[in-house]
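So the structure is just underneath, and the comments pick up after that.
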Amino acid sequence: MKNNMKKILVFMGVVAIAMGGYVYSKQSSVEMSSLLLENIEALADTENTNIICFGTGSVDCPFNHDKVYSYATPYRLYY
Numbered sequence: 022m023k024n025n026m027k028k029i030l031v032f033m034g035v036v037a038i039a040m041g042g043y044v045y046s047k048q049s050s051v052e053m054s055s056l057l058l059e060n061i062e063a064l065a066d067t068e069n070t071n072i073i074c075f076g077t078g079s080v081d082c083p084f085n086h087d088k089v090y091s092y093a094t095p096y097r098l099y100y
């Protein structure tokens, strides 16, 4: 009885490992080009140009990505 259970468990383990290997081998990884990533970023970016950047510091200005002291976005609560 115990011998049969061990055989069944070993068989199920081998089948599970084989299925996992098969699924892993069928997955494909697609590398995105830099042009595609730039297009995605451009589509996701808002067209708000009302951003005002002040001074020089360590904060990234969302408008032109310069290092500034601070920035303001009129009429926006989520920046």
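Each residue of the sequence shown is one higher than the last, beginning at 22 in the working numbering.
Glycine included, C-beta positions come from ideal geometry on N, C-alpha and C.
Opposing strand residues paired with residue i [DSSP bridges]
i	result
tyrosine 92	Cys74
valine 36	Answer is none; valine 36 lacks a bridge partner.
aspartate 81	Lys88
Nearest-angstrom beta carbon gap, residue j and residue i [assumed within contact, 8 Å]
i	j	result
tyrosine 90	proline 83	Contact flag wrong, Cβ pair sits at about 14 Å.
Reduced DSSP category for residue i - H, G, I as helix; E, B as strand; rest coil
i	result
glycine 51	Contrary to the premise, residue 51 reads as valine rather than glycine in this sequence. Valine 51: coil per DSSP, three-state reduction.
tyrosine 100	Here tyrosine 100 scores only 46 on pLDDT, less than 50, and its place in the model should not be relied on; the value that follows carries that caveat. If DSSP states are grouped into helix, strand and coil, tyrosine 100 belongs with coil.
For residue i, the nearest candidate out of the options (CA to CA)
i	options	result
proline 95	Ala63, Asp81, Ile73 and Val44	Ile73
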